[in-house]
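K.L.:
First residue of the sequence shown? That's 0 in numbering that gives the first Met the number 0, and the numbers climb one at a time after it.
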Amino acid sequence: MSDPRTPVTEFLLDSAVLEDVAAAVDLGFVSGLTTNPTLAAAAGLGPPAERVPALLEALPSGPVYHQVEAETDDGADAEIRAVRAVAPDRIVLKLPATPWHYRLAARLTAQGVAVSMTAVYTPSQVLLAAAVGARSVICYVDRAARLRQGGEHLVAELAAARAAGGGDVRIIAASVKSPPQVTRAVLDGADAVTAPLEVLRALAVDELTEQALDGFRRSSTGA
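1. Can you tell me which residues form a DSSP beta bridge with F10?
2. Quick check: V154 and A189, are their CB atoms within less than 8 Å of each other?
3. What would DSSP say about Q110, mapped onto helix, strand or coil?
4. Could you tell me which residues DSSP puts in a beta bridge with P95?
5. With burial defined as no fewer than 16 other Cβ atoms inside 10 Å of the residue's Cβ, what is the status of M0: buried or exposed?
6. Taking D13 and A194 to be in contact with their CB atoms under 8 Å, please state how far apart those CB atoms are, rounded to whole angstroms.
7. Would you mind reading off the limits of the alpha helix (DSSP H) that contains Q210?
8. Any idea if L215 is buried or exposed, counting beta-carbon neighbours within 10 angstroms, 16 or more meaning buried?
9. Can you tell me whether S1 is helix, strand or coil according to DSSP?
10. With respect to the alpha helix (DSSP H) encompassing Q180, which residues constitute its N-terminal and C-terminal limits?
11. Exposed or buried, which one is A118 when buried takes at least 16 other CB atoms within 10 Å?
12. Of the choices G27, T220 and V114, whose alpha-carbon is the least far from that of H226?
13. Would you grab the beta carbon distance between A15 and R50 for me? Rounded to a whole angstrom, and I think it's under 8 Å.
Structure representation (structure tokens):
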């Protein structure tokens, strides 16, 4: 008998700031962490071999997505060995959706390494991600909506491509700037969302909820 349950949306923190990681863990619903070279540079954690162990320590469990920065085969091999040395089962390698990175992804997944293609903007990139054995694709929701005509439909288009021939590759929505963007991405087919701490915190907040809570308090005190 098939499992009737609906898959649970996964929430990830998009940051390399150790204080953000600790705060996200405390939220109770964040199950992983994504980083990229821009976030890493802003956090000032040093090179990948130093940065990734610190992030793994700050996040007690769950995946840490590390974007490979090297641009040659030898450089990538050395970087990947360094970042996977501590906890290989928890590292997912992010690779930009370029021809060279697809070739690298095919080699890595053949070795059993978890890979996610990032900066995905087209349905064809989803099909290629599935073909090379990538676990997931990461798309930039807000950036697509701002910079490309029809970009607000990005997640829906990627989900349609996945349904047509993309196997079970997961869709992770990134570059989300507000709770409505998070909700829209999930409704359009995203399996997971990665967002800054302030967006994750805002997901549980609504003015009417606060008004209801205030009413409960006044009722209980007879005010």
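A virtual CB, placed ideally from N, CA and C, is assigned to each residue, including glycine.
Quantities reported herein were computed from a predicted structural model and do not represent experimental measurements.
P.N.:
Let me spell this out:
1. Beta-bridge annotation (DSSP): F10 is paired with V29 and V192.
2. In this structure, A189 lies closer than 8 Å to V154 by Cβ.
3. Three-state DSSP puts Q110 in coil, outside helix and strand.
4. P95 pairs with T117.
5. Because the pLDDT of M0 is 42, which lies under 50, any placement of that residue in the model is unreliable, and the number read from its coordinates should be weighed accordingly. Its Cβ having fewer than 16 others within 10 Å, M0 is exposed.
6. Rounded, the Cβ-Cβ distance is 6 Å, consistent with contact.
7. According to the DSSP assignment, Q210 belongs to the alpha helix (DSSP H) that extends over E206 to T220.
8. As written in the sequence, residue 215 is Phe, which differs from the Leu given in the question. Residue burial annotation: F215 is exposed, with fewer than 16 other C-beta atoms found within 10 angstroms of its C-beta.
9. Below a pLDDT of 50, predicted positions are generally treated as unreliable, and S1, at 45, falls in that range; the measurement from the model is reported next regardless. The answer is coil: DSSP assigns S1 none of H, G, I, E or B.
10. If you look at Q180, you'll find it in the alpha helix (DSSP H) that goes P178 to L186.
11. Buried is the call here.
12. For the chain, the structure presents residues 0 to 222; residue 226 sits outside this window and is missing.
13. The pair is a contact, with the Cβ atoms about 7 Å apart (cut-off 8 Å).
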